[in-house]
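Just so we're aligned, residue 289 is where the sequence shown starts under the numbering used here, counting upward by one.
The C-beta atom is built at its ideal place from N, Cα and C for all residues, glycine as well.
Structure first, then comments.
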Amino acid sequence: MFNKLKKVFGSDKRTQQPRGARVPITALSGIQFSLNDSRYPKIDFEVVNLSENGIGLCNAPVIKVPPAGSTFKGAIILPDAKCPTELKVIYASATNIGCAFVNKSPELQTRIQQLFQLEISAMNLLEVPADQLKTEDDGKPRLFRGRNNCELLLVEQEQTLVRFRLVFFGNYIAGGTGLTTKCGFMGNKDAPVRIVSSLSPEVLRSAARFLSHIPQLNEAQRSFLQQAIAQLEH
């Protein structure tokens, strides 16, 4: 029977364009689409989905549901950049608008790839077994390592965080209780770290976002680390 049906209807061999990797909306805080089109009022949409190929918007009550195939212009506001772009509506409802990028710029392509790389690297950190770590005089060490030379060292004393060292994508930040937060760049064997007076605001925002996506951290640890990094903003 199945073979007869295949002869009548034909086999379903639809070719689909591969989708870019998606990150849950909870991992994309701080991203919006700012509508800037004379046919519509100016409004900032919340983003409910994002990939390298397109974007999903939470429809605003003041916007009529746009027909599939229509386009509108604006800018995607990312944590570290604002990228002008044009969107083509693929589907739309009263609550969501799914769009594809039209003539996506190389800058936007790179920014989205970097966004995924940073956050996925943080989520994929693995803890090194305690018996493989050297002892520390000021507390019990915990070390998390991942790809792209990313790692986080925590030194705790009676479940209180006293010192940390964060390395991500070649950047270095270290500090602790009663310590001045230091920053720099990873070097070579002769000079493992090159200390500098400050890091760019973009790198500091990336560090805070990286920390916010490490699942092994509790809220107290995360808050401590982000406050230490905030010292570098002044």
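Let me know the secondary structure DSSP gives residue i once reduced to three states.
{"i": "Thr398", "result": "helix"}
{"i": "Glu374", "result": "strand"}
{"i": "Asp419", "result": "helix"}
{"i": "Gln445", "result": "strand"}
{"i": "Phe512", "result": "helix"}
{"i": "Val450", "result": "strand"}
{"i": "Ile351", "result": "coil"}
{"i": "Leu345", "result": "strand"}
{"i": "Leu505", "result": "coil"}
{"i": "Arg435", "result": "coil"}
{"i": "Leu520", "result": "helix"}
{"i": "Leu338", "result": "strand"}
Could you give the distance in angstroms between the alpha-carbon of residue i and the alpha-carbon of residue j?
{"i": "Glu507", "j": "Ala388", "result": "36 Å"}
{"i": "Pro394", "j": "Ile461", "result": "30 Å"}
{"i": "Gln401", "j": "Asn391", "result": "16 Å"}
{"i": "Phe452", "j": "Asp478", "result": "22 Å"}
{"i": "Lys352", "j": "Lys376", "result": "15 Å"}
{"i": "Cys346", "j": "Ile385", "result": "6 Å"}
{"i": "Glu424", "j": "Gly464", "result": "14 Å"}
{"i": "Ser511", "j": "Ile365", "result": "25 Å"}
{"i": "Arg497", "j": "Gly357", "result": "35 Å"}
Name the one or two DSSP bridge partners that residue i has.
{"i": "Ile364", "result": "Phe321, Cys371"}
{"i": "Lys470", "result": "Ala462"}
{"i": "Lys428", "result": "Glu444"}
{"i": "Cys387", "result": "Ile343, Val377"}
{"i": "Arg482", "result": "Phe473"}
Buried or exposed for residue i, please, with buried defined as at least 16 other CB atoms from any protein chain shown within 10 angstroms of its CB.
{"i": "Ala516", "result": "buried"}
{"i": "Gly362", "result": "buried"}
{"i": "Leu414", "result": "exposed"}
{"i": "Val491", "result": "buried"}
{"i": "Leu407", "result": "Checking the sequence, you will find Glu at residue 407 rather than Leu. By the neighbour-count rule (16 or more Cβ atoms within 10 Å), Glu407 is buried."}
Assuming residue i and residue j form a contact by the criterion Cβ under 8 Å, report the distance between their Cβ atoms to the nearest whole angstrom.
{"i": "Phe432", "j": "Ile502", "result": "7 Å"}
{"i": "Ile331", "j": "Leu338", "result": "Actually they do not touch by this definition, with Cβ atoms about 18 Å apart."}
{"i": "Arg493", "j": "Pro367", "result": "6 Å"}
Kindly examine the ligand HEM and report whether one of its heavy atoms sits closer than 7 Å to the Cβ of residue i.
{"i": "Gln320", "result": "You won't find the ligand HEM in this model; it holds no ligand whatsoever."}
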